[in-house]
Amino acid sequence: MANITIDRTCCKGCNICLTACPKKIFVKSRARNDYGTAMPGLNKQENCVICGMCERLCPDGAINVEGE
Ligand code: SF4
Ligand code: SF4
Numbered sequence: 084m085a086n087i088t089i090d091r092t093c094c095k096g097c098n099i100c101l102t103a104c105p106k107k108i109f110v111k112s113r114a115r116n117d118y119g120t121a122m123p124g125l126n127k128q129e130n131c132v133i134c135g136m137c138e139r140l141c142p143d144g145a146i147n148v149e150g151e
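Counted the way this note's numbering counts, the sequence shown spans residues 84 to 151.
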């Protein structure tokens with residue numbers, strides 16, 4: 084299973100990852116990044132296919148996906 088992390092010191096809450104992920108794993112949440120803006124949460128990480136789109140499209144390099 085994939086291990087997805089979002090670096091709250093880099094994420095600026097742009098929500099690009101919400102549309103980038105084909106599995107809709109990134110969702111709106113009440114969590115705050117270090118800028119005080121809402122940052123995405125993760126839903127059903129087990130559905131991740133480790134395509135890497137989120138890592139590539141996050142403009143701030145905040146996402147890391149590790150897995151088999
Ligand atoms: S695309 Fe990157 S910077 Fe934008 S909300 Fe997602 S993790 Fe944060
Ligand atoms: S690697 Fe692909 S499936 Fe997994 S969270 Fe990122 S965009 Fe979604």
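Think of the CB as a built atom: it goes at the ideal place given N, C-alpha and C, for glycine as much as any other residue.
Test item: CB-CB of residue i and residue j under 9 Å
i, j, result
"Asn126", "Lys95", "no"
"Met122", "Ile87", "no"
"Gly124", "Lys106", "no"
Assigned exposure category for residue i - 16 Cβ within 10 Å defines buried
i, result
"Pro142", "exposed"
"Met84", "exposed"
Cβ-Cβ separation, residue j to residue i (assumed contact under 8 Å), whole Å
i, j, result
"Cys137", "Phe109", "7 Å"
"Gly144", "Cys93", "6 Å"
Ligand 1 heavy atom lying under 8 Å from the CB of residue i
i, result
"Pro142", "yes"
"Ala103", "yes"
beta-carbon residue i near ligand 2 non-hydrogen atom, thresh 8 Å
i, result
"Ala145", "no"
"Pro123", "no"
In DSSP terms, what residue i is bridged to
i, result
"Val148", "Ile87"
"Arg115", "Ala121"
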